[in-house]
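What follows is a single structure, written as structure tokens, with notes after it.
4 protein chains.
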Amino acid sequence: MAIHEECGVFGIYDKSGGCAESAYYGLYALQHRGQEACGIATMNGLEQRCRKDAGLVGEVFSREDLAQLNGTMAVGHVRYSTTGGSLRENAQPLTLSYVKGTFAVAHNGNLVNVDDLRRHYEYRGAIFHTTSDSEIIAYIIAQERLLAPSIERAVANTVRQLRGAFSLVVMSSRKLIAARDPWGFRPLCIGKRRDAWIFASESCALDSVGASFVRDVEPGEVAYVDLNGELQSIRDCCGKERTGLCLFEFLYFARPDSVIDGQSVHAARLLAGRYLAQEHPIAADVVIGVPDSGLNAAKGYALESGIPYNDGLIKNRYIGRTFIQPGQSARESSVRLKLNALRSTVSGQRVVVIDDSIVRGTTSNQLVKLLRDAGAKEVHMLSSAPMFVAPCYFGTDIPSKEELFACKYSLEEMCRLIGADSLGFLSVESLRKIAPDCSCGFCDGCFTERYPIPVEEQGED
Amino acid sequence: MAIHEECGVFGIYDKSGGCAESAYYGLYALQHRGQEACGIATMNGLEQRCRKDAGLVGEVFSREDLAQLNGTMAVGHVRYSTTGGSLRENAQPLTLSYVKGTFAVAHNGNLVNVDDLRRHYEYRGAIFHTTSDSEIIAYIIAQERLLAPSIERAVANTVRQLRGAFSLVVMSSRKLIAARDPWGFRPLCIGKRRDAWIFASESCALDSVGASFVRDVEPGEVAYVDLNGELQSIRDCCGKERTGLCLFEFLYFARPDSVIDGQSVHAARLLAGRYLAQEHPIAADVVIGVPDSGLNAAKGYALESGIPYNDGLIKNRYIGRTFIQPGQSARESSVRLKLNALRSTVSGQRVVVIDDSIVRGTTSNQLVKLLRDAGAKEVHMLSSAPMFVAPCYFGTDIPSKEELFACKYSLEEMCRLIGADSLGFLSVESLRKIAPDCSCGFCDGCFTERYPIPVEEQGED
Amino acid sequence: MAIHEECGVFGIYDKSGGCAESAYYGLYALQHRGQEACGIATMNGLEQRCRKDAGLVGEVFSREDLAQLNGTMAVGHVRYSTTGGSLRENAQPLTLSYVKGTFAVAHNGNLVNVDDLRRHYEYRGAIFHTTSDSEIIAYIIAQERLLAPSIERAVANTVRQLRGAFSLVVMSSRKLIAARDPWGFRPLCIGKRRDAWIFASESCALDSVGASFVRDVEPGEVAYVDLNGELQSIRDCCGKERTGLCLFEFLYFARPDSVIDGQSVHAARLLAGRYLAQEHPIAADVVIGVPDSGLNAAKGYALESGIPYNDGLIKNRYIGRTFIQPGQSARESSVRLKLNALRSTVSGQRVVVIDDSIVRGTTSNQLVKLLRDAGAKEVHMLSSAPMFVAPCYFGTDIPSKEELFACKYSLEEMCRLIGADSLGFLSVESLRKIAPDCSCGFCDGCFTERYPIPVEEQGED
Amino acid sequence: MAIHEECGVFGIYDKSGGCAESAYYGLYALQHRGQEACGIATMNGLEQRCRKDAGLVGEVFSREDLAQLNGTMAVGHVRYSTTGGSLRENAQPLTLSYVKGTFAVAHNGNLVNVDDLRRHYEYRGAIFHTTSDSEIIAYIIAQERLLAPSIERAVANTVRQLRGAFSLVVMSSRKLIAARDPWGFRPLCIGKRRDAWIFASESCALDSVGASFVRDVEPGEVAYVDLNGELQSIRDCCGKERTGLCLFEFLYFARPDSVIDGQSVHAARLLAGRYLAQEHPIAADVVIGVPDSGLNAAKGYALESGIPYNDGLIKNRYIGRTFIQPGQSARESSVRLKLNALRSTVSGQRVVVIDDSIVRGTTSNQLVKLLRDAGAKEVHMLSSAPMFVAPCYFGTDIPSKEELFACKYSLEEMCRLIGADSLGFLSVESLRKIAPDCSCGFCDGCFTERYPIPVEEQGED
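Protein chains in written order, with my numbering: chain R, 1 to 461; chain D, 1 to 461; chain C, 1 to 461; chain L, 1 to 461.
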């Protein structure tokens with residue numbers, strides 16, 4: 001319930017125009033991937049325009065903005081950000097000019113060799129306005145473009161230098177380019193609407209603009225739309241790596257109506273619930289889920305176990321960014337403001353409750369209390385994600401080991417601390433089976449401390 | 001999906017203070033009843049303070065506001081409003097001063113004799129700042145207080161004059177008073193937290209502030225907290241009327257975790273689905289619901305029919321007030337921005353889809369298209385509300401007959417216009433059975449054109 | 001430099017329309033009379049509309065607002081307010097409905113019998129939304145209208161009951177009415193532009209809308225535009241009183257290009273300086289003024305004395321409402337942010353510096369220091385207003401005796417405290433001669449404690 | 001009345017801290033140099049922070065901002081900008097990181113070789129986020145720092161490459177540096193407050209923070225505060241150029257209480273009026289000025305001619321950025337909203353009116369009409385600036401020749417078009433004499449088309 005990722009990206013190439021409006025609706029469909037800031041850059045002939053700011057898509061853009069942003073290409077970005085102050089300055093896409101003209105970059109992910117890259121280029125005279133990965137990626141692309149025969153080749157040469165998670169959409173004056181890191185950490189797919197091509201973080205964005213799904217961008221691929229409006233691809237830009245799509249995309253980040261690398265997100269969540277039922281059979285009267293992303297796992301558990309599913313927790317939909325949290329004295333009721341138990345479902349019952357994950361344990365503790373106050377006879381807490389044992393270096397906002405529940409306590413202690421009758425987590429082995437249709441390997445580093453890319457000595461930034 | 005009610009009310013009497021904060025969280029729990037404006041008035045000794053504005057609870061109040069509003073009583077209000085311009089000026093509670101001091105009024109509902117009352121009092125010299133029902137109610141209370149021995153009796157004398165829907169919370173310098181109209185159109189309940197008393201439109205607001213449910217305010221009752229902090233009641237202020245709680249509270253307005261006049265809202269929605277299944281048996285492969293309020297009826301239908309329930313439509317949670325609707329040319333895709341079909345659920349299937357109601361038919365038409373585009377083999381549309389045949393005079397925002405789908409077309413025509421394989425509505429007879437635990441009679445005037453209060457010649461306002 | 005008045009009013013009757021736009025420019029010309037809030041109400045046929053809010057005229061109204069406010073009559077208001085919180089709710093005009101329809105009231109001034117009036121009407125059942133004088137005036141007008149044959153006669157009957165300062169503009173569905181209190185405390189004038197009639201607090205507002213000055217509204221007069229568009233007048237509504245136009249209008253409040261009751265404000269300020277020179281001859285090298293309202297008196301002093309005038313203090317024009325005042329430790333430099341001395345004017349010189357008034361003495365002390373730091377050899381401080389010895393009950397924001405410099409110290413002490421070489425004030429006798437063209441008597445109560453209306457036992461409000 | 005310059009800069013080095021607050025008050029004193037955007041960057045140890053946005057100083061910074069910006073060095077900037085859209089992104093200071101750490105740049109002026117520089121560096125791999133001069137200056141400093149032994153020497157090496165107007169303040173982690181172009185187009189001075197050093201565009205900013213004036217930065221000098229807090233200087237960074245301080249600084253831009261290169265601005269304006277009187281003797285009754293910057297020239301004319309000075313035009317001080325201009329039909333009255341004539345001064349008189357400059361002639365035409373409407377018998381218009389005959393390439397916003405009044409018409413035609421009885425301009429010869437104390441040569445290119453730097457083929461940007 002408290003894990004965040006950094007971004008969603010969107011790009012469209014449509015000679016018939018109206019690209020800003022499509023980007024608007026595409027970003028809106030990707031809003032769940034980032035609510036802090038957003039932006040759209042468009043290309044109209046040689047003229048690049050950009051509008052970006054802190055806020056939701058529906059707040060940042062006015063009708064006038066979209067009219068002014070008119071063009072035949074657009075890239076867009078939604079951003080989740082942990083930094084407090086300057087939300088506005090970290091908004092993407094980044095727009096730049098260099099010897100070959102202008103270009104824009106939108107980026108989702110996190111590099112692990114960014115400090116090395118920064119040092120390398122600073123010694124050669126680079127100056128940077130921000131500390132973002134995106135700016136250094138843009139810088140390398142511009143440098144490579146001085147030597148490379150084309151912008152797409154410059155992007156490919158850049159990809160070779162980057163280590164970490166990155167799904168990129170790049171817009172030059174005449175081309176739209178998408179690139180996905182060789183490990184495939186983050187999703188990126190390709191859609192088509194008549195003669196228009198679309199790149200997006202998730203397939204739900206294709207649906208929202210009436211485009212049909214074509215295929216995913218492959219790990220390590222640089223896909224682009226050429227001057228004839230044809231989709232082309234560069235696949236030789238880097239060696240073959242062990243692929244590692246983030247499993248949290250299936251458990252939590254992605255929208256259930258998205259299909260990632262061939263796997264339906266909704267189906268994966270149901271499957272996670274089914275495996276939970278196999279691993280943790282419980283004598284109970286009802287299975288409930290924690291809204292929103294725990295509901296599907298609960299339904300899967302019910303299907304597999306035969307215990308009836310019912311709605312047990314109701315979520316308040318209106319919590320906003322400026323909402324005032326209850327004071328310290330009333331801290332135990334902060335969950336109560338977001339969630340309320342359905343007494344008619346849980347009163348007198350033995351309840352299995354499934355959350356998408358358990359990070360620090362504080363929410364789980366309050367949930368158990370909430371359900372007991374509503375009359376639950378027994379409360380069995382299950383997590384459809386395994387125990388978190390390590391941080392993420394690839395863009396997911398997982399706290400340090402010192403704060404991770406499963407790093408500090410044994411399973412027994414955890415169960416006692418949250419006050420449940422029993423506590424269970426999905427095993428890593430089962431987790432690896434929840435996406436059987438997926439064409440990509442997985443990263444489960446936060447559950448195993450084994451990452452697709454060796455990460456040594458990753459200091460705090 | 002497009003029906004709105006006007007308001008939610010909240011009142012708290014707590015000698016230990018902190019009433020503004022409780023009102024804040026109480027209103028937040030009632031936010032679904034109105035998102036346009038909100039306000040809180042508090043009483044601290046003889047000093048009354050008020051803060052109200054257009055916007056969500058989380059937007060209108062800052063931490064400083066709550067600190068300044070400190071007091072031992074508070075009344076709060078959330079408002080839905082159709083009027084475009086002056087949202088801010090219609091915000092409640094209304095705060096007033098008169099010969100006996102100051103008082104505040106928060107009101108949910110709609111009077112049918114407001115024009116008569118206004119004319120009557122204007123002839124006697126009244127002047128009004130607004131055209132709201134609330135101001136005239138406040139005016140009558142103040143007039144009656146000149147003659148009555150107490151403020152609660154003045155409220156009782158006022159109740160006698162009002163015809164229509166009203167759930168009121170009134171705060172004088174020393175007393176907190178709640179009144180519900182003799183017909184009981186809108187819900188109003190009583191809670192307790194240690195020595196504190198709470199009045200609220202729905203029981204979910206009691207839960208949010210850690211109060212326990214005591215009972216509902218009865219139709220025609222004036223309940224109040226006296227100077228000793230005891231709950232008292234006036235029940236003789238008007239004759240016994242045929243009670244008529246709005247059935248739309250169960251179908252749509254209220255939160256599923258609320259219990260109204262003894263009836264769980266969640267259970268009522270499941271039951272509506274069960275009756276739908278009995279009345280409209282369909283040979284189908286899957287039952288899906290339209291989020292959010294159609295989901296429970298779909299689950300009830302599945303339970304009764306044995307056809308499996310599955311998630312079939314995913315809702316985008318981020319639509320905001322300034323969201324730009326697609327242009328005229330793309331009008332048919334406005335539903336697509338809010339909802340997306342889960343191909344893995346509906347593709348190749350015979351689908352039963354249940355919405356909470358069908359008003360104009362435009363949304364249903366787009367839903368059917370959305371499902372067919374996602375591969376549904378058959379689409380059977382059911383409404384868990386009966387056909388709308390008449391307007392509401394008691395605060396629910398139902399369009400005029402000219403716009404109501406069921407007033408313009410036969411069932412067959414409707415089915416053809418929305419493009420479904422079949423179309424069905426819950427019968428009024430079944431509707432009356434969805435709330436078996438309810439202690440109150442029902443108003444189903446919008447489905448039958450028979451209202452608890454005769455309404456002749458109700459002109460447009 | 002720190003005295004404020006409450007308001008400016010404006011009204012226009014123009015059958016050819018565009019009244020909101022004229023009111024906008026008229027209020028803008030009156031902005032110096034109040035910068036806290038403003039509003040415009042218009043009448044279009046029977047439809048009254050209003051837009052008002054906290055802020056400057058240029059901030060509150062958009063082009064769309066003016067378009068929507070279109071009508072054939074308008075009243076407007078700018079407000080200065082000492083109250084912190086609810087600026088917005090105190091904004092005028094007040095718009096009301098009663099048995100005869102709707103009307104709007106804009107009011108400048110302060111009543112001394114408001115508590116008596118409020119008590120009187122509350123006993124008869126009145127309820128009030130605010131504690132403003134304006135609401136009680138509106139209430140009485142509505143009450144009187146029940147008995148009177150016309151709205152203008154109701155206003156006249158109201159005028160009879162009010163004691164204190166009031167310049168009113170009232171707009172009913174068909175008539176525009178202006179009333180000035182029998183003492184004539186505040187200015188109010190009449191202008192004409194083709195067939196249109198205009199009422200305004202100052203003649204500079206007539207100039208700004210291209211109207212020509214007709215005459216002032218007389219003390220105790222109710223002037224109105226009748227149904228034929230002719231200007232009419234009621235003069236018998238109250239007894240003849242000793243008139244008492246506020247002398248501070250000439251010294252400080254009014255714009256120098258206004259003419260009030262026949263007297264040019266600019267000329268009055270020059271004359272104040274001339275009398276100062278006669279009363280306080282000083283051997284000096286240069287005369288300077290404190291911008292903006294001390295400059296003219298300084299020029300008058302120079303003309304009379306023969307000592308050359310020069311600019312000696314430069315004002316920063318950009319101070320805004322949210323400007324951060326320097327911390328306590330740096331308190332003595334707050335004047336320095338607003339004013340800077342011109343070294344080339346004052347260095348090595350014997351300087352006479354003239355301010356419009358001296359209230360608490362703190363500003364004067366800083367001014368003297370500023371001039372000495374810039375090299376002034378001698379600093380002689382003169383005030384073109386006499387010593388303040390008493391509060392104002394008629395709308396001018398003069399602090400209590402406890403805070404008034406001249407109430408706490410002798411002239412010698414004052415001179416020593418501000419650090420000047422000499423200190424002088426204009427005498428009350430001379431003050432009474434600065435407006436020789438004025439057709440009205442004067443109120444100099446704050447300098448003499450003798451008011452046109454006896455004020456006994458005026459408690460703090 | 002319609003000429004704008006681009007910026008004001010401020011820098012402070014104060015080991016005792018509180019630099020953000022000083023920058024705040026310093027920028028506030030420089031607000032007349034730019035009202036569109038502003039910003040402050042501070043250095044606290046190695047940590048650089050920045051806050052900048054569109055808006056006035058009093059609007060952009062909150063007390064919390066200043067508290068967070070605490071540090072021992074600060075640079076600040078106020079900006080005037082002609083570009084419509086992205087005010088916010090053009091705000092300065094620019095903050096950057098490179099191999100040696102972080103630095104900030106604030107810049108006032110305009111380069112003429114920016115296109116060459118940009119091309120030169122882009123060919124070597126530079127990428128730019130904006131099209132501003134400031135970014136390219138920052139880029140070159142960072143490049144030069146790779147080779148130079150110190151940041152101040154890198155700035156000196158940068159200065160050598162720049163052609164055009166630039167007054168810079170640069171802040172590195174440990175040093176504060178100020179640089180002025182070799183021609184000295186824009187002012188830049190040095191102040192001291194105890195151990196603190198201050199650089200500012202105008203001396204009035206020194207006064208506002210209680211600092212004393214030390215000296216001006218010389219054209220071509222790079223001044224800096226070294227690690228011991230001592231002021232040092234590099235003067236050999238470029239060849240000796242003919243100096244050319246912008247004469248419009250004296251006529252219009254600078255605040256009258258500033259002293260630039262030894263010359264009092266106030267005294268220069270008086271002198272301009274004196275020379276006007278010598279060149280254009282007129283038989284008149286009164287001399288008036290157009291507020292604010294024409295007033296001093298009018299006083300100088302009066303002193304020289306013996307014709308009495310009087311206030312003749314009153315300015316409305318409250319015009320804001322969102323003020324609604326009158327519609328096309330009422331275009332001739334837009335001046336009337338800002339200015340009103342004092343009838344008591346001009347009625348029946350032969351009037352000499354002095355404006356600081358005449359650009360397009362439209363304002364002058366309206367002014368003459370305004371004065372005649374107020375009863376002036378004759379109106380003689382004089383401009384204290386010579387005729388504009390050429391654009392400015394160094395940061396002053398002068399329109400193209402096609403729009404310049406004096407480029408399109410003869411003196412006679414101009415006089416007829418504005419409707420004056422006579423029209424005169426200060427001669428270029430006299431203009432050159434208005435700043436006798438100035439240690440710097442002048443640029444009068446906009447009056448002579450001869451610039452200190454040859455400008456050939458300066459295309460539109």
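By construction, the Cβ of each residue, glycine as well, lies at the ideal position given by its N, Cα and C atoms. Predicted, not measured: the structure shown is a model, and the values here were computed from it.
In the displayed model, residue 128 of chain D falls within a strand according to three-state DSSP. Nearest neighbour of residue 222 of chain R by Cα position, chosen from R:168, R:172 and R:352, turns out to be R:168. Here the stretch 278 to 288 of chain L makes no contact with the stretch 440 to 448 of chain L; the two share fewer than three CB pairs at distances below 8 Å. Residue state for residue 307 of chain C is assigned as coil, using DSSP reduced to three classes. In the three-state DSSP reduction, residue 49 of chain L falls in the strand class (E or B). Distance from the CA atom of residue 102 of chain L to the CA atom of residue 111 of chain R, rounded to whole angstroms, is 22 Å.
As summarised for the stretch 406 to 448 of chain L, the continuous beta strand (DSSP E) elements at least 3 residues long and confined to that stretch are 422 to 425, given in chain order. Among the residues facing chain C, residue 122 of chain D is included, as its CB has a counterpart in that chain under 9 Å away.
When DSSP states are grouped into helix, strand and coil, residue 377 of chain D belongs to the coil group. In this structure residue 340 of chain L is buried. Its beta-carbon is surrounded by 16 or more other beta-carbon atoms within 10 angstroms. Residues of the stretch 27 to 40 of chain D that bring their beta carbon within less than 8 Å of a beta carbon in chain R comprise 28, 29, 31, 32 and 35, in sequence order.
From the listed residues C:150, C:226, C:134 and C:434, the smallest Cα separation to residue 266 of chain C is found for C:434. Taking a cut-off of 8 Å on C-beta distances, the stretch 377 to 392 of chain D does not touch the stretch 301 to 314 of chain R, as fewer than three cross pairs fall below it. In the three-state scheme derived from DSSP, where H, G and I count as helix and E and B as strand, residue 216 of chain R is classed as strand. Rounded to whole angstroms, residue 455 of chain R and residue 186 of chain R show a C-alpha spacing of 18 Å. For residue 387 of chain R and residue 398 of chain R, the gap between their C-alpha atoms comes out near 12 Å.
Within the stretch 97 to 169 of chain R, complete alpha helix (DSSP H) segments of at least 4 residues are found at 114 to 123, 133 to 145 and 151 to 161, given in chain order.
Residue pairing of residue 42 of chain C in beta bridges, as defined by DSSP: C:49 and C:74. Annotation for residue 62 of chain D: no beta strand (DSSP E) segment contains it, and DSSP assigns it neither H nor E. Under the DSSP assignment, residue 231 of chain R falls in the beta strand (DSSP E) whose first and last residues are 231 to 234.
Residues of the stretch 239 to 267 of chain D with a C-beta less than 8 Å from any C-beta of chain R: 255, 256, 257, 259, 264, 266 and 267, listed in chain order.
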